[in-house]
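Note sheet for the following structure.
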Amino acid sequence: MKRVSLKDVALEAGISTSAVSFILNGRAGEMRISKDLEKRVQAIASRLGYVPNQVAVSLRTGQSKMIGLLVESIAGHFFGMLAKIIEEEAEKSGYKLLYSSTENKAPRGIEILKMFSQHQVDGYLVTPAKGMEKEILNIAGHNKPLVLIDSYFPSDIISYVSVDNYNGTMIGMRHLFERGYENIGFVTVDIRLVQIEERKMAFRDALTEKKGKKANDWILEIPYTTTAEEKIKLIRAFIIDHPDMDAIFFATNYLGIPGLECIQQQGMRMPKDIAMICFDDHDLFRLFPGGITAIQQPIDEIAKTAISVLIRQLETRKHSKPTYEQIKLLPALIKRGST
DNA sequence: GTACTACACTTTCAGAGTTC
DNA sequence: GAACTCTGAAAGTGTAGTAC
Numbered sequence: 095m096k097r098v099s100l101k102d103v104a105l106e107a108g109i110s111t112s113a114v115s116f117i118l119n120g121r122a123g124e125m126r127i128s129k130d131l132e133k134r135v136q137a138i139a140s141r142l143g144y145v146p147n148q149v150a151v152s153l154r155t156g157q158s159k160m161i162g163l164l165v166e167s168i169a170g171h172f173f174g175m176l177a178k179i180i181e182e183e184a185e186k187s188g189y190k191l192l193y194s195s196t197e198n199k200a201p202r203g204i205e206i207l208k209m210f211s212q213h214q215v216d217g218y219l220v221t222p223a224k225g226m227e228k229e230i231l232n233i234a235g236h237n238k239p240l241v242l243i244d245s246y247f248p249s250d251i252i253s254y255v256s257v258d259n260y261n262g263t264m265i266g267m268r269h270l271f272e273r274g275y276e277n278i279g280f281v282t283v284d285i286r287l288v289q290i291e292e293r294k295m296a297f298r299d300a301l302t303e304k305k306g307k308k309a310n311d312w313i314l315e316i317p318y319t320t321t322a323e324e325k326i327k328l329i330r331a332f333i334i335d336h337p338d339m340d341a342i343f344f345a346t347n348y349l350g351i352p353g354l355e356c357i358q359q360q361g362m363r364m365p366k367d368i369a370m371i372c373f374d375d376h377d378l379f380r381l382f383p384g385g386i387t388a389i390q391q392p393i394d395e396i397a398k399t400a401i402s403v404l405i406r407q408l409e410t411r412k413h414s415k416p417t418y419e420q421i422k423l424l425p426a427l428i429k430r431g432s433t
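In our numbering, the protein residues as written are 95 to 433.
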């Protein structure tokens, strides 16, 4: 069945497509089109089931009213929440989302950026995987509105909204020291992303600050692609290898969950046998008996700030040179029974 | 194989036709 | 002649069709 176009509505009404366009876009008053004609055209459009052809609208206006959102993993709690809020906020400004994930693989991320470009997205919200810098700089270099979220890399022409990973980790470490824990292990992931590196650096600096000299690094780096079972196995070996360890700091919640499972399997009690803290909160941590202390990222604030920075870029790019905003938000310590 | 044209559909500027 | 009401045409990109 042939799709109803603006032309069909105009033919039925016996007027030009221009007048129909003005009426259906709410500009009848501005163009001094009579109220009678306005009502008649609206009734015809409704009766025929007219829906604007978005491809043609994009072609004419140069805007798709779409934002490409590329995150690390759509399955993750943090990015799932982030996407939900971004979608709600984008909708308020009349934008829809194209949503995908890199799974921390640069080739995949680059392919998706290409797909976003082919779909003529108006702007990009991206959590970059290591190795995507060139493509991202290329997009920004062509004055396309772009904001990095969560992860970022140093550049004068890139806006980003992230959390202060360094100080967030410091807050967690100082909390452990206050509770009397000094033999702390750190479980992280082997990907060289700035937020992961900052957390690791803060862990080391906090120990040095506390002990007055370079402290022993009890750091376990788990390959990103390992299964949950393998993660548990590696964490178990790490705990067994360090019998003096009295607290364990997980760099992300997707490591904290297998960590929690491992501690349970070992029959260890928290915080008596071992204390636990995790960067990035999770529902499980709240529901677990006693609760797991976490460094909570302000997901709502990150999402709202990122989308507002992007919308500002979208609105100002027509009249002026783009402005670049680089924002770091401070996470909060949520004290629970595990420490 | 290459070059050119028409077409898809919508928006919007500039201006034409009508009425008073 | 001014105000009102509406129209014509161009422009945007990718592709199928046509001519040479």
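The C-beta atom is built at its ideal place from N, Cα and C for all residues, glycine as well.
Quick check on DSSP: helix, strand or coil for S195? DSSP places S195 in strand when its eight states are reduced to three.
What do you get for P239, buried or exposed, if any count of 16 or more other CB atoms within 10 angstroms of its CB means buried? buried
Quick one: using the 10 Å Cβ neighbour count with 16 as the cut-off for buried, is D244 buried or exposed? Buried.
Where V215 falls: helix, strand or coil (DSSP): coil
Check F280 in the structure and name its three-state DSSP category. Taken through DSSP and simplified to helix, strand or coil, F280 comes out as strand.
M160 - partner residues in DSSP beta bridges: K190
Straight-line CA distance for R129 to V114? Correcting the residue type first, residue 129 is Lys in the shown sequence and not Arg. Their Cα atoms are separated by approximately 13 Å.
Where R154 and V283 are concerned, what is the direct C-alpha to C-alpha distance, given to the nearest angstrom? 47 Å
Taking only runs of the alpha helix (DSSP H) that begin and end inside the stretch 117 to 186, which ones reach a length of at least 4 residues, in chain order? For the stretch 117 to 186, whole alpha helix (DSSP H) runs of length 4 or above, ordered along the chain, are 129 to 142, 148 to 155, 171 to 186.
Can you give the beta carbon distance from I357 to V281, rounded, assuming they're within the 8 Å contact cut? Contact doesn't hold; Cβ gap of about 11 Å is too wide.
Any chance the stretch 158 to 171 sits against the stretch 193 to 206, with 3 or more Cβ pairs inside 8 Å? Of all C-beta pairs linking the stretch 158 to 171 to the stretch 193 to 206, three or more are shorter than 8 Å, placing the two stretches in contact.
Could you tell me which of L378, L118, G123, T263 sits nearest to I278, measuring between CA atoms? T263
Secondary structure of T387, DSSP reduced to three states: strand
At which residue ranges does the stretch 231 to 295 contain complete alpha helix (DSSP H) runs of 4 or more residues, listed in the order of the chain? 259 to 272
Which one or two residues does DSSP pair with V220 in a beta bridge? As DSSP reads the structure, V220 sits in a beta bridge with L164, L242.
In chain order, what residues of the same chain have a beta carbon less than 8 Å from the beta carbon of M160, not counting five sequence neighbours either side? Y189, K190, L191, L192, H213, Q214, V215, D216
With burial defined as no fewer than 16 other Cβ atoms inside 10 Å of the residue's Cβ, what is the status of Q148: buried or exposed? Exposed, since its Cβ has fewer than 16 Cβ neighbours within 10 Å.
Between which residues of its own chain and G266 is the CB-CB distance below 6 Å, once the five residues before and five after are set aside? If we look at G266 and ignore the five residues flanking it on each side, its Cβ neighbours are I371, I389.
Excluding the five sequence neighbours on either side, which residues of its own chain have a C-beta within less than 6 Å of the C-beta of M362, listed in chain order? I368
Look up F379 in the DSSP assignment and say whether it is helix, strand or coil. helix
Write down the C-beta distance between V288 and Q391 rounded to the nearest angstrom, noting that I regard them as a contact closer than 8 Å. At roughly 15 Å, the Cβ-Cβ gap does not stay under 8 Å, so V288 and Q391 are not in contact.
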